[in-house]
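**Student:**
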Amino acid sequence: MEKTLIINPPSPFLLDEKVFPNLAPLFVASAMLRDGYNVEILDLSGRKDYKEEIGKRALEYDVFAFTGTSSQLPFNLEILGELKRINPSSFSVIGGPHASVVSSLRRKMKSQFGEGPDLEKKLLEYDPNFSPLEKFDLIIDGEGEVAYKEIFRGGEKWREGGIVHDLNSFPIPDRGLINFENYHYEIDGLKATSIITQRGCPFTCYFCSGRDTDIYRKIRLDGFLRVNSPERVLEEMDYLHENFGIEAFMWYDDEINLHNEKIKDLTKLLQKRPYKHRGFIKSELFVRWPEQAELLKKAGFVELCTGAESGSNEILKKFVRKHTTRETNKEAVKLAQKNGMRFKAFTIIGHPYEKYEDVMLTKDWILEAHPDDFDVTIHQPYPGAPAYDNAVKNNQIEGYEWAYEGGLFFNKTDYSKHTTFYKGVPGEYVSTVRTPSLSAKEIVKLREEIDFELREKFGLRQNKRMDEVSYGGQTKK
Ligand code: SF4
Numbered sequence: 373m374e375k376t377l378i379i380n381p382p383s384p385f386l387l388d389e390k391v392f393p394n395l396a397p398l399f400v401a402s403a404m405l406r407d408g409y410n411v412e413i414l415d416l417s418g419r420k421d422y423k424e425e426i427g428k429r430a431l432e433y434d435v436f437a438f439t440g441t442s443s444q445l446p447f448n449l450e451i452l453g454e455l456k457r458i459n460p461s462s463f464s465v466i467g468g469p470h471a472s473v474v475s476s477l478r479r480k481m482k483s484q485f486g487e488g489p490d491l492e493k494k495l496l497e498y499d500p501n502f503s504p505l506e507k508f509d510l511i512i513d514g515e516g517e518v519a520y521k522e523i524f525r526g527g528e529k530w531r532e533g534g535i536v537h538d539l540n541s542f543p544i545p546d547r548g549l550i551n552f553e554n555y556h557y558e559i560d561g562l563k564a565t566s567i568i569t570q571r572g573c574p575f576t577c578y579f580c581s582g583r584d585t586d587i588y589r590k591i592r593l594d595g596f597l598r599v600n601s602p603e604r605v606l607e608e609m610d611y612l613h614e615n616f617g618i619e620a621f622m623w624y625d626d627e628i629n630l631h632n633e634k635i636k637d638l639t640k641l642l643q644k645r646p647y648k649h650r651g652f653i654k655s656e657l658f659v660r661w662p663e664q665a666e667l668l669k670k671a672g673f674v675e676l677c678t679g680a681e682s683g684s685n686e687i688l689k690k691f692v693r694k695h696t697t698r699e700t701n702k703e704a705v706k707l708a709q710k711n712g713m714r715f716k717a718f719t720i721i722g723h724p725y726e727k728y729e730d731v732m733l734t735k736d737w738i739l740e741a742h743p744d745d746f747d748v749t750i751h752q753p754y755p756g757a758p759a760y761d762n763a764v765k766n767n768q769i770e771g772y773e774w775a776y777e778g779g780l781f782f783n784k785t786d787y788s789k790h791t792t793f794y795k796g797v798p799g800e801y802v803s804t805v806r807t808p809s810l811s812a813k814e815i816v817k818l819r820e821e822i823d824f825e826l827r828e829k830f831g832l833r834q835n836k837r838m839d840e841v842s843y844g845g846q847t848k849k
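Take a look at the structure:
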């Protein structure tokens with residue numbers, strides 16, 4: 373039988389790579405093992421010697437399956453280069469978020485350009501992110517648990533692998549397939565890790581990648597709600613507790629409160645355990661169904677997070693389109709805090725048409741709502757996001773080639789070459805976007821000033837690289 377190696381590339385641009393394991397390779401490998409395939413995972417997260425590591429294995433496997441986000445692409449390409457240098461006839465395949473969203477854009481552009489002898493040339497000229505993926509022997513989009521089957525079928529180089537309907541029919545991702553104990557995360561001093569219990573988000577925030585793809589958009593398929601049953605969620609938690617001593621969970625679902633009925637059943641079951649939890653909510657739904665606050669608190673949630681995104685109602689309505697307002701977002705913070713839960717709000721600078729006054733509205737919102745923690749980041753257009761996929765060529769501002777809705781200017785990042793935009797450390801932020809009235813430099817300056825000033829005011833620690841801070845049981849994201 374063919375031997376497959378799933379490769380999880382490093383992410384040296386992160387503050388700390390060893391916080392949460394990437395669950396995607398575990399989902400895929402667990403499904404493949406259940407189906408009788410011979411598969412292993414090479415987890416290169418946090419490894420500086422990733423080229424040596426692939427070198428040692430380059431002749432041992434038949435299939436080398438890469439996964440990764442857009443930011444991880446340069447490392448995947450380096451690893452692929454080393455693999456092909458040692459074993460030129462090795463078979464390489466790439467899937468995961470970056471491959472999926474770029475495939476989706478490529479399909480869209482293919483149908484827009486229409487068939488013709490120069491179609492491939494037109495595609496390559498249109499977007500810098502199509503050609504780097506062509507270095508892999510096969511590019512698959514979709515969810516790995518079902519999409520992996522394309523590896524063993526013949527067909528075109530770019531392939532659609534489909535998505536999961538019934539999440540409950542797949543095994544719990546086996547953390548024993550990697551060195552799980554190397555990861556460290558705590559919630560309120562308790563040993564914690566991440567879980568994903570549902571797929572898809574139906575909203576269309578302009579900056580959020582995957583809005584046109586089934587994987588990231590579809591919450592329901594063929595009569596199945598793409599969520600794990602409450603029993604299955606608890607089973608995974610118990611497995612993590614019994615095997616690894618995990619006592620707290622970071623829910624990496626896009627929003628845990630999307631389905632009100634699910635929350636009721638789930639929180640009832642969670643009350644049977646002393647586990648603690650942290651997760652993202654959709655603030656508008658949280659405020660619409662305020663009983664969720666008490667249920668989540670009783671279930672062990674100690675912290676809720678939300679993407680508040682902006683303090684400007686105009687930006688929230690016109691572009692973010694989450695059906696929320698600054699007032700609703702503030703109400704969500706207060707509702708959580710009133711029920712004894714902390715709240716972390718994530719905001720962005722670099723929205724379309726954003727002015728200095730809009731940025732100040734975001735700053736005022738943070739001050740007014742006073743979440744327990746906050747994050748101010750700079751918008752980076754990723755393939756798969758409406759801002760990127762629907763941008764058009766525009767020469768209004770010198771040095772910028774693309775514009776979204778005529779109010780956000782940027783050059784498409786070639787993700788095979790750059791990770792500089794992804795820093796997360798004060799002093800190292802860059803902006804690849806600008807608006808009609810805010811230059812990229814001004815966006816960075818405003819971010820730094822607001823972040824520093826409000827952290828001082830709220831008594832929060834300033835962000836540093838994780839090798840500069842000790843782990844004092846603090847909650848990190
Ligand atoms: S930002 Fe959140 S709410 Fe908006 S589309 Fe993405 S996952 Fe959904």
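Numbering (the numbering used here) for the sequence shown: 373 to 849.
In this text, a Cβ means the ideal position worked out from N, Cα and C, and glycines have one as well.
1. What number of angstroms, rounded off, separates the C-alpha of residue 670 from the C-alpha of residue 481?
2. Given this structure, state the Cα-to-Cα distance separating residue 574 from residue 388, to the nearest angstrom.
3. So is residue 461 buried or exposed if we call it buried at 16+ other beta carbons inside 10 Å?
4. On the DSSP letters alone, give me the boundaries of the alpha helix (DSSP H) that residue 824 sits inside.
5. How should residue 484 be labelled, buried or exposed, when 16 other C-beta atoms within 10 angstroms of its C-beta is the threshold for buried?
6. Nearest-angstrom Cα distance between residue 324 and residue 667?
7. Do you know offhand how far residue 376's Cα is from residue 407's?
8. Would you mind sorting residue 884 into buried or exposed? The rule is 16 or more other CB atoms within 10 Å of its CB.
9. Which residues in the same chain have their Cβ closer than 7 angstroms to the Cβ of residue 472, if we skip the five residues on either side of it in sequence?
10. Are there 16 or more other CB atoms within 10 angstroms of the CB of residue 539, so buried, or fewer, so exposed?
11. Just verifying my parser: in three-state terms, what is the DSSP assignment at residue 774?
12. Smallest Cα separation from residue 719: which of 474, 682, 694, 373?
13. Once the 5 residues before and after residue 714 are set aside, which same chain residues still bring their CB inside 6 angstroms of it?
14. Of the residues 405, 436, 409, which one's Cα is nearest the Cα of residue 381?
15. Within the stretch 501 to 552, note down every full beta strand (DSSP E) run reaching 3 residues or more, in order along the chain.
16. With H, G and I counted as helix, E and B as strand and the rest as coil, what does DSSP make of residue 410?
17. For residue 723, report the span of its beta strand (DSSP E) as first-last.
18. Can you give me the Cβ contacts of residue 604 inside the same chain, cut-off strictly under 6 angstroms, excluding the 5 residues immediately before and after it?
19. Using alpha carbons as the reference points, say which of 518, 495, 524, 779 lies closest to residue 509.
20. Can we count residue 691 as close to the ligand SF4, meaning its CB is less than 7 angstroms from some heavy atom?
21. For residue 557 and residue 386, what's the separation of their Cα atoms in angstroms?
22. Measuring CA to CA, which of 809, 787, 516 is closest to residue 780?
23. With DSSP collapsed to three states, give me the class of residue 713.
24. Please find out if some non-hydrogen atom of the ligand SF4 comes closer than 7 angstroms to the beta-carbon of residue 656.
25. Report the three-state DSSP secondary structure of residue 784 (helix, strand or coil).
26. Rounded to whole angstroms, how far is the Cβ of residue 625 from the Cβ of residue 570, which I believe are closer than 8 angstroms?
27. Would you say the stretch 496 to 503 touches the stretch 609 to 622, given that touching needs at least three Cβ pairs under 8 angstroms?
28. Ordered along the chain, which non-local residues of its own chain (more than five positions away) have a Cβ less than 6 angstroms from that of residue 403?
29. Roughly how many angstroms lie between the CA atoms of residue 847 and residue 560, to the nearest whole one?
30. Name the residue from 470, 421, 673, 658 whose alpha carbon lies nearest to the alpha carbon of residue 444.
31. CB-CB under 6 angstroms to residue 806, same chain, minus the five flanking residues each way: which ones, in chain order?
32. Given this structure, state the Cα-to-Cα distance separating residue 428 from residue 413, to the nearest angstrom.
33. Which parts of the stretch 448 to 501 are runs of the beta strand (DSSP E), unbroken and 3 residues or longer, counting only runs that do not cross its ends?
34. Three or more beta-carbon pairs under 8 angstroms between the stretch 686 to 698 and the stretch 653 to 661, yes or no?
35. Rounded to whole angstroms, what's the CA-CA distance from residue 582 to residue 433? Just pull it up for me.
36. What did DSSP end up calling residue 593 once you bin it into helix, strand or coil?
**Tutor:** A quick look at the data gives this:
1. Locating residue 670 in the sequence shown gives position 298, where the first residue counts as 1. Locating residue 481 in the sequence shown gives position 109, where the first residue counts as 1. For residue 670 and residue 481, the distance between alpha carbons rounds to 49 angstroms.
2. Here residue 574 is taken as the residue at index 202 of the sequence shown, counted from 1. Here residue 388 is taken as the residue at index 16 of the sequence shown, counted from 1. Their Cα atoms are separated by approximately 30 angstroms.
3. Counting from one through the sequence shown, the residue named residue 461 turns up at place 89. Exposed is the call here.
4. Residue mapping note: residue 824 aligns to position 452 of the sequence shown, counting from 1. First-last of the alpha helix (DSSP H) with residue 824: 812 to 830.
5. What you label residue 484 is simply residue 112 of the sequence shown in a count that begins at 1. The residue is exposed, with fewer than 16 neighbouring Cβ atoms inside 10 Å.
6. It is not possible to answer for residue 324, since the shown part of the chain is limited to 373 through 849.
7. Residue 376 sits at position 4 when you count from the first residue of the sequence shown. Residue 407 sits at position 35 when you count from the first residue of the sequence shown. Those two C-alpha atoms are separated by around 13 angstroms.
8. The question about residue 884 has no answer, for the chain in this structure spans 373 to 849.
9. Within the sequence shown, numbered from 1, the residue matching residue 472 stands at position 100. Cβ within range, chain order: 513, 514, 585, 587.
10. As a working mapping, residue 539 is identified with position 167 in the sequence shown. Label assigned to residue 539: buried.
11. In the sequence shown, counting from the first residue as 1, residue 774 sits at position 402. If DSSP states are grouped into helix, strand and coil, residue 774 belongs with the strands.
12. Working through the sequence shown from its first residue, we reach residue 719 at position 347. Among 474, 682, 694, 373, the Cα nearest to that of residue 719 belongs to 682.
13. Position 342 of the sequence shown, counting from 1, holds the residue named residue 714. These residues qualify, in order along the chain: 675, 744.
14. As a working mapping, residue 381 is identified with position 9 in the sequence shown. When each option's Cα is compared against that of residue 381, the closest is 436.
15. 510 to 513, 530 to 532
16. Here residue 410 is taken as the residue at index 38 of the sequence shown, counted from 1. Strand at residue 410.
17. Taking the first residue of the sequence shown as position 1, residue 723 is located at position 351. Note, residue 723: premise wrong, no beta strand (DSSP E); not H, not E.
18. Against the sequence shown, residue 604 aligns to sequence position 232. Counting only Cβ-Cβ distances below 6 angstroms, and skipping sequence neighbours, we find 540.
19. For the purposes of this step, residue 509 is identified with residue 137 of the sequence shown, where counting begins at 1. For the residues 518, 495, 524, 779, the minimum Cα distance to residue 509 belongs to 524.
20. Here residue 691 is taken as the residue at index 319 of the sequence shown, counted from 1. No; taking the cut-off as 7 angstroms, the Cβ of residue 691 has no heavy atom of the ligand SF4 nearer than that.
21. Locating residue 557 in the sequence shown gives position 185, counting from the first residue. Locating residue 386 in the sequence shown gives position 14, counting from the first residue. In this structure, the straight-line span from the alpha carbon of residue 557 to that of residue 386 is close to 15 angstroms.
22. To locate residue 780, count along the sequence shown from 1; it is residue 408. Minimum Cα distance to residue 780 is reached at 809.
23. One-based indexing of the sequence shown puts residue 713 at position 341. Annotated three-state conformation of residue 713 is coil, per DSSP.
24. Along the sequence shown, one-based indexing puts residue 656 at 284. No.
25. Taking the first residue of the sequence shown as 1, we reach residue 784 at position 412. DSSP places residue 784 in coil when its eight states are reduced to three.
26. The sequence position of residue 625 within the sequence shown is 253, counting from 1. The sequence position of residue 570 within the sequence shown is 198, counting from 1. 5 angstroms between Cβ atoms; contact.
27. no
28. Sequence index remark: in the sequence shown, residue 403 carries index 31 (1-based). If we look at residue 403 and ignore the five residues flanking it on each side, its Cβ neighbours are 517, 542.
29. Position 475 of the sequence shown, counted from the start, is the residue given in the question as residue 847. Position 188 of the sequence shown, counted from the start, is the residue given in the question as residue 560. For residue 847, the pLDDT reaches just 30, beneath the cut-off of 50, and the residue's location in the model is therefore unreliable, although a value from the coordinates is still provided. Cα to Cα, residue 847 sits roughly 7 angstroms from residue 560.
30. Within the sequence shown, the letter at position 72 stands for residue 444. Residue 444 has its Cα closest to that of 470, out of 470, 421, 673, 658.
31. Residue numbering aside, residue 806 sits at position 434 when the sequence shown is read from its first letter. Counting only Cβ-Cβ distances below 6 angstroms, and skipping sequence neighbours, we find 781, 812.
32. In the sequence shown, residue 428 corresponds to position 56, counting from 1. In the sequence shown, residue 413 corresponds to position 41, counting from 1. Near 14 angstroms, if we compare the C-alpha coordinates of residue 413 and residue 428.
33. 463 to 466
34. Contact between the stretch 686 to 698 and the stretch 653 to 661 is established, with three or more Cβ pairs separated by less than 8 angstroms.
35. Residue mapping note: residue 582 aligns to position 210 of the sequence shown, counting from 1. Residue mapping note: residue 433 aligns to position 61 of the sequence shown, counting from 1. Residue 582 and residue 433: Cα-Cα distance of roughly 31 angstroms.
36. As a working note, residue 593 is residue 221 in the sequence shown. If DSSP states are grouped into helix, strand and coil, residue 593 belongs with the strands.
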